[in-house]
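So the sequence shown is numbered by the numbering used here: it starts at 16 and just counts up by one.
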Amino acid sequence: MTKLQHVIEAQQFTLPLINELFQTADQMEKILERGGTLDYQNKIMASLFYAPSTRTRFSFESAMYRLGGKVISTEQAHLFSSVIGGETLEDTVRVVANFCDVIVIRHTEVGAAKRASLVSSVPVINAGDGKGGQHPTQALLDLYTIYKELGYIDGLKIAFVGDLEQGRTVRSLAYLLGKFERVMLYFIAPDFLQIREDIQDYLTRHNVWFTLESDLNKVISEIDVIYVTRIEKERFADKADIYDETVKKYFIDKDLISKMKQKSIIMHPLPRLNEIAPDVDHDPRAAYFKQIRNGLLIRMALLTMLL
Ligand code: CP
16 MTKLQHVIEA QQFTLPLINE LFQTADQMEK ILERGGTLDY QNKIMASLFY APSTRTRFSF
76 ESAMYRLGGK VISTEQAHLF SSVIGGETLE DTVRVVANFC DVIVIRHTEV GAAKRASLVS
136 SVPVINAGDG KGGQHPTQAL LDLYTIYKEL GYIDGLKIAF VGDLEQGRTV RSLAYLLGKF
196 ERVMLYFIAP DFLQIREDIQ DYLTRHNVWF TLESDLNKVI SEIDVIYVTR IEKERFADKA
256 DIYDETVKKY FIDKDLISKM KQKSIIMHPL PRLNEIAPDV DHDPRAAYFK QIRNGLLIRM
316 ALLTMLL
């Protein structure tokens, strides 16, 4: 098994590594079916969260328990740790690394996980850094979900919808998809929420086809995956009417998905606000709750490759 040093950004995952991770995740499914293992009973994971999370934190903590390990945790590190007294991230990480074998960190600042990895004596996992940073483990579970649901990634046509400018899950997934053959990426958003130039430059450098579009209806019948993300009201400052119009324009309902291929999937990293109508949940193409289970498997697999 390949030994990973840290998990900081999606670009670090090569195709062979992604393949190995998926195979390991498949094995984790069997371990979960029998309730877990005690293989990692001497290992401790610290979850150090400076920003809110439900899925990622519980998923990592559950993954560690299923592997037989133990968890120490702070879910509001900015309020309940020495950070409140002015301790730097670097000092906190240096200290916490003495008490555990792996650190999972979520932070409000882009680049915080990388900074943590530079001073940590144990592996660091980026559980989401800042707005417009990365969320590599979410992207890996998204990719695994696509692979399991559709059976292929090469040649995939995927539409990303919502706040692509700050959406770290979209950014990380774009980096991963850029490693595959003949993928086509449609970034669907109003201009001010469009995907940033750094991702566009990366895709151009790697000869990946992509287009920027604002009208979802133009592409809905062609795509294999629609990947929906939140559009937050705070992004519209005092323009509440434009926010309402935008949410309406990109709303995923039964009428819209009736135009999608039968063999296609609807994804969302969650939490959702008002992007997807609840009755879409019953459509067999809705994959957003399957992503959660796949996240547990991928995170168990990542932990085994790090520990
Ligand atoms: N998808 C995701 O990162 O969710 P949380 O913010 O709940 O961890």
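Note that CB positions come from ideal geometry on N, CA and C, so glycine has one too.
Residue i, buried or exposed, once every other Cβ within 10 Å from all chains shown has been counted against 16
| i | result |
| --- | --- |
| residue 167 | exposed |
| residue 184 | buried |
| residue 319 | buried |
| residue 148 | buried |
| residue 366 | An answer regarding residue 366 cannot be provided, because it is not within the stretch 16 to 322 covered by the chain. |
| residue 100 | exposed |
| residue 255 | exposed |
| residue 366 | The chain is shown from 16 up to 322; residue 366 falls before or after that span and cannot be answered. |
| residue 299 | exposed |
| residue 76 | buried |
| residue 28 | buried |
| residue 150 | buried |
| residue 138 | buried |
| residue 16 | exposed |
| residue 74 | buried |
| residue 279 | buried |
| residue 220 | exposed |
| residue 323 | Because the chain spans 16 through 322 in this model, residue 323 falls outside it and cannot be assessed. |
| residue 132 | buried |
| residue 245 | buried |
| residue 104 | buried |
C-beta contact flag for residue i and residue j at 8 Å
| i | j | result |
| --- | --- | --- |
| residue 281 | residue 301 | yes |
| residue 203 | residue 236 | no |
| residue 5 | residue 145 | Any question about residue 5 goes unanswered here, given that the chain covers just 16 to 322. |
| residue 310 | residue 158 | no |
| residue 295 | residue 264 | no |
| residue 243 | residue 283 | yes |
| residue 200 | residue 179 | no |
| residue 51 | residue 19 | no |
| residue 317 | residue 160 | no |
| residue 176 | residue 134 | no |
| residue 121 | residue 142 | yes |
| residue 321 | residue 44 | no |
| residue 169 | residue 196 | yes |
| residue 218 | residue 174 | no |
| residue 78 | residue 308 | no |
| residue 267 | residue 290 | yes |
| residue 194 | residue 30 | yes |
| residue 303 | residue 285 | yes |
| residue 15 | residue 214 | This structure leaves residue 15 out entirely; the chain is present only between 16 and 322. |
| residue 90 | residue 70 | no |
| residue 234 | residue 198 | no |
| residue 88 | residue 112 | no |
Cβ pair count under 8 Å reaching 3, the stretch 259–269 against the stretch 183–200: In short, these stretches do not touch, since the Cβ pair count stays below three.
Touch test, the stretch 65–74 against the stretch 26–42, Cβ-Cβ under 8 Å, three pairs minimum: No contact exists between the stretch 65–74 and the stretch 26–42.
The stretch 115–135 contacting the stretch 50–59, beta-carbon criterion three pairs below 8 Å: The stretch 115–135, when compared against the stretch 50–59, does touch it at the 8 Å Cβ threshold.
For the ligand CP, residues whose Cβ lies under 5 Å from any non-hydrogen atom: Result (chain order): 68, 69, 70, 71 and 284.
Three or more C-beta pairs below 8 Å linking the stretch 125–145 and the stretch 22–29: The stretch 125–145 makes contact with the stretch 22–29: 3 or more CB pairs, one atom from each, lie closer than 8 Å.
Every unbroken beta strand (DSSP E) inside the stretch 48–89 [3 residues or more]: Runs of the beta strand (DSSP E) lying entirely within the stretch 48–89, each at least 3 residues long, are 59–64 and 85–89 in chain order.
Completely contained beta strand (DSSP E) runs for the stretch 187–272, where each covers 3 or more residues: Taking 3 residues as the minimum length, the beta strand (DSSP E) runs contained wholly in the stretch 187–272 are 199–203, 224–228 and 240–243, in order along the chain.
Whole beta strand (DSSP E) elements within the stretch 83–151, 3-residue minimum: Taking 3 residues as the shortest admissible run, the stretch 83–151 contains the following complete beta strand (DSSP E) segments, listed from N- to C-terminal end: 85–89, 117–122 and 139–144.
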